[in-house]
Every structure is written in structure tokens, then in C-alpha cells.
Amino acid sequence: MTGLTHLDAAGEANMVDVSDKDVTSRTAVAEGCVVMRPETLALIRQGDAKKGDVLGTARLAGIMASKRTHELIPLCHPLLISKVKIDCALDESLPGVRVTAEVKVSGQTGVEMEALTAVSVACLTIYDMVKAADKGMRIESVRLRRKSGGRSGDFEAP
1243 MTGLTHLDAA
1253 GEANMVDVSD
1263 KDVTSRTAVA
1273 EGCVVMRPET
1283 LALIRQGDAK
1293 KGDVLGTARL
1303 AGIMASKRTH
1313 ELIPLCHPLL
1323 ISKVKIDCAL
1333 DESLPGVRVT
1343 AEVKVSGQTG
1353 VEMEALTAVS
1363 VACLTIYDMV
1373 KAADKGMRIE
1383 SVRLRRKSGG
1393 RSGDFEAP
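Here the sequence shown stands for residues 1243 to 1400, where the numbers follow the working numbering.
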């Protein structure tokens, strides 16, 4: 295991210097889910949520959040993101919604935090859109599924 990159020799937080890194193509995919009652999932499926299009709004929120990650996470670099794709899939087995975010950039640092932020905010948006019907929903299993590019190489979750 390598040392923590956001701590300097004195153990204080600092922004990592990426100026010596090569610009490479980097991709990250994150996922999470919102678990809810079957009746709440039916509201989303039928388009009967009082606030409107739940999944469309969640997709837009996730995209917007990925682009603002550096404003939310103190030591993240602002990135010129080239692609954000959010998928919100209804899943009866949860029951709930599975959210996946894929983020791409050509840059000197990765986009893992941007993908995780996109998923988190999309899940929070789903919760917000239907909380009047189901306050017991749970946001679960937010994680990095895979990443590629950069010095640390590729990663795929088991």
C-alpha cells in the first residue's frame, strides 16, 4: 500500500502536485443504489411522482455534480471533463434504483471522485424526488467499480 497522497511530510492536508504527470485518457465508473418500498418504485416506473421525472432529474443532477466535484471535495483538482454518462435502472430485486456513472477526462489526474460524486448526488436526488412517499429509503453500496488510466494503472472491483 502506498502512502496517502493528500498528506505532506508533516501530516498536513495538501493538494497533490500533478504538474509532472502525463496527460492521459482516464475513465472511472462508480455505482450505488436507492432501496425503497415496492410501491415507491411503482410510482417512479409509472411517472406518478409529484415532483416530476425522477430518473431524468437524477441523471441531470449527477452530471452537474460531477462537474462541480472540486467545489465540494476540498483537495480535488478542477477538471475539464469530456464525458459523463449516468444510468438509472429500475431493479425489482432491490427493490429500487441502481445508479451507475461513467466519467472520462484527458488529464493529469483521475476522475474517480467525479464518478463517485455523480452517483451520490443522483441517488440523493432520487431520494428527494420521492421522499414524500417513502422516508425509509436507503442509499447503499456507493463504490468505485473500475478505473483506467494514469500512473496507478487500472482497477476493477471484485
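Just so you know, even glycine gets a beta-carbon here, dropped at the ideal spot from N, CA and C.
- Two segments are said to touch when three or more pairs of C-beta atoms, one from each, lie closer than 8 Å; by this definition the segment 1330-1348 touches the segment 1301-1310.
- According to the DSSP assignment, Leu1386 belongs to the beta strand (DSSP E) that extends over Arg1380 to Ser1390.
- Note that the C-beta distance between Val1271 and Ala1357 is below 9 Å.
- Our two residues, Leu1322 and Glu1398, have alpha carbons roughly 24 Å apart in a direct line.
- DSSP lists Val1341 as the bridge partner or partners of Cys1330.
- Inclusion of Thr1282 and Asp1370 in the CB contact set at 9 Å is not warranted, their separation being larger than that value.
- Fully contained in the segment 1255-1330 are the following beta strand (DSSP E) runs of length 3 or more, in chain order: 1266-1277.
- Collapsing the DSSP output to three states places Val1363 in a helix.
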